Amino acid sequence: MPRAYGLMKPFIYPYKGIWPKIADSAYIAPGVVICGDIEIGPETSIWPGCVLRGDVNIIRVGARTNIQDGSVVHVTEGGQGTHIGNNVTIGHMVLLHDCTLDDHAFIGMKSAVIDKARVQSFAMLGAGALLTQGKVVPSGQLWIGNPAKYWRDLKPEEKQEIERRAPHYVKLGQAYLKA
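Structural data, given as structure tokens:
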């Protein structure tokens, strides 16, 4: 399960006897911490400094998703768990807490999505935004600010960029796996 990369490797361990389940084709960078009831799909990449802690609830990460450097994914006891779909891009230093990100969601750097909030498919949360409890970013919209609010509809080229991000990070993660 844990993969060695030189002298460093990810720190992957169980909580209450439940080990994370990680697809063989997923890239987990050195220094990542993954604990508890977590499933990570194929060709997903999790970059240095990330922490995924599924101790008091579940975390599910789909296929071809990328969680970039320094991000934290956690849950709430008695909550819904954190559910991250396929082809999701999560920028650097993002906080995800007991929330849902649908397929092709895009979360900007240093933003936060907290309890019961949701970012729908082909929706974007801008850098530095705080999506507060229970809020939903509808498909095709960009929300920004603290607290996050509707800013505008996404442009066609922004939706195309969301689609391009996942394959880019799949390719990069697979290159790291082979290095």
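Everything in the sequence shown is counted per the numbering used here, starting at 2 for the first residue and increasing by one.
C-beta atoms are modelled at their ideal positions from N, C-alpha and C, and glycine is treated no differently.
Note that the coordinates shown come from a computational prediction; the quantities given were computed from them, not determined experimentally.
What are the boundary residues of the beta strand (DSSP E) that residue i is part of?
i              : result
tyrosine 151   : 150-154
tyrosine 16    : Neither: tyrosine 16 is in no beta strand (DSSP E) and is coded neither H nor E.
valine 95      : That residue, valine 95, is in no beta strand (DSSP E); it is neither H nor E in DSSP.
histidine 84   : 83-85
isoleucine 145 : 142-145
Mind reading off the beta-carbon distance from residue i to residue j? Whole number of angstroms is fine, and I expect it under 8 Å.
i             : j             : result
valine 76     : aspartate 99  : 5 Å
leucine 96    : alanine 113   : 4 Å
valine 89     : glycine 129   : Actually they do not touch by this definition, with Cβ atoms about 18 Å apart.
glutamine 134 : aspartate 116 : 5 Å
valine 138    : leucine 126   : 6 Å
valine 29     : proline 11    : The sequence given here has isoleucine at residue 29, not valine. Rounded, the Cβ-Cβ distance is 4 Å, consistent with contact.
Per DSSP, what kind of secondary structure is residue i in: helix, strand or coil?
i             : result
isoleucine 60 : strand
glutamate 78  : coil
glycine 37    : strand
arginine 54   : strand
alanine 167   : helix
alanine 124   : coil
lysine 22     : strand
alanine 176   : helix
Below 6 Å CB to CB, which residues in the same chain sit around residue i once its five sequence neighbours on both sides are set aside?
i                 : result
aspartate 38      : Ile19, Gly55 and Ile59
leucine 53        : Ile35, Ile39, Ile60 and Val74
glycine 71        : Gly50, His93 and Met94
leucine 178       : Tyr28
histidine 84      : Arg61 and Thr101
phenylalanine 107 : Thr90, Met125 and Ile163
Skipping 5 residues on each side, what residues in its chain have a beta carbon closer than 8 Å to that of residue i?
i             : result
alanine 27    : Ile41, Gly42, Pro43, Glu44, Thr45, Ser46, Ile47 and Gly174
aspartate 104 : Gly63, Gly86, Asn87, Asn88, Val89 and Ser122
lysine 22     : Ile39, Glu40 and Ile41
leucine 132   : Cys100, Ser112, Ala113, Val114, Ile115, Ala118, Val120, Leu126, Val138, Trp144, Pro148 and Ala149
Do we get a CB-CB distance below 7 Å when we pair residue i with the residues of chain D?
i         : result
lysine 17 : No chain D appears in this structure, which consists of one protein chain only.
Starting from the C-beta of residue i, find all residues in its chain whose C-beta is less than 7 Å away, skip the five residues before and the five after it, and write them out in chain order.
i            : result
glutamine 69 : Trp48, Ile91, Gly92 and His93
lysine 150   : Trp144
lysine 160   : Phe123
arginine 65  : Glu44, Thr45, Asn87, Asn88, Ala167 and Val171
glycine 190  : Residue 190 falls outside the range modelled here, since the chain spans only 2 to 180, and no answer is possible.
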